[in-house]
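Asker:
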């Protein structure tokens with residue numbers, strides 16, 4: 001597990017904002033990004049379940065904003081799924097934002 005994976009895991013566990021210098025971000029390949037994501041998945045899957053998959057950065061606007069060439073794939077942790085009529089505390093988030101999401105259940109056996 002590399003230092004970036006460990007930093008992100010620590011940030012998520014302790015609700016700490018992190019900052020990765022631009023030059024470090026530019027030197028991470030897509031393959032390395034997925035390796036980091038997999039490290040994080042392995043760590044959290046010891047204690048948490050996952051409820052599905054997510055495709056992110058599906059528009060050119062978001063791809064340009066995040067400086068990535070294509071959509072990306074990720075897992076969704078069950079405790080990150082927010083049901084209807086849920087009240088969230090603003091102070092419990094580091095950099096909150098609102099994003100439109102579309103969810104699809106392909107079958108009951110997933």
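Residue numbers (the UniProt record's numbering): 1 to 110. Beta carbons are placed, not taken as given, at the ideal position from N, Cα and C, and that holds for glycine.
#1: DSSP three-state call for residue 6: helix, strand or coil?
#2: If you pair each beta-carbon of the stretch 67-87 with each one of the stretch 49-58, do three or more pairs fall below 8 Å?
#3: Would you call residue 36 buried or exposed, if buried means 16 or more other Cβ atoms sit within 10 Å of its Cβ?
#4: In the DSSP assignment, find the unbroken alpha helix (DSSP H) run with residue 42 in it and report its ends.
#5: Applying the criterion that 16 or more other CB atoms from any shown protein chain within 10 Å of the CB defines a buried residue, is residue 102 buried or exposed?
#6: Can you tell me where the beta strand (DSSP E) with residue 50 in it begins and where it stops?
#7: Going along the chain, which residues of its own chain have a beta-carbon closer than 8 Å to the beta-carbon of residue 90, five neighbours each way excluded?
#8: Terminal residues of the continuous beta strand (DSSP E) containing residue 170?
#9: Taking residue 11 and residue 18 to be in contact with their CB atoms under 8 Å, please state how far apart those CB atoms are, rounded to whole angstroms.
#10: Would you kindly work out how many angstroms separate the C-alpha atoms of residue 41 and residue 33, rounded to a whole number?
Answerer: The relevant details are as follows:
#1: Your numbering for residue 6 matches position 6 in the chain shown. Residue state, collapsed to three classes: helix.
#2: Yes, they touch.
#3: As a working note, residue 36 is residue 36 in the chain shown. Result: buried.
#4: As a first step, residue 42 must be located in the chain shown, where it is residue number 42. Element bounds for residue 42: 30-44.
#5: Stepping through the chain shown from its first residue, residue 102 is reached at position 102. That one is exposed.
#6: Within the chain shown, the letter at position 50 stands for residue 50. Residue 50 -> beta strand (DSSP E) spans 50-56.
#7: By one-based count along the chain shown, residue 90 stands at place 90. Here the set comprises 96.
#8: Any answer about residue 170 is impossible in this case: the structure gives the chain only from 1 up to 110.
#9: Looking up residue 11 in the chain shown gives position 11. Looking up residue 18 in the chain shown gives position 18. Indeed, because the Cβ distance is near 5 Å, the residues count as touching under 8 Å.
#10: On the chain shown, position 41 is the one that residue 41 refers to. On the chain shown, position 33 is the one that residue 33 refers to. So the alpha carbons of these two residues sit roughly 12 Å apart.
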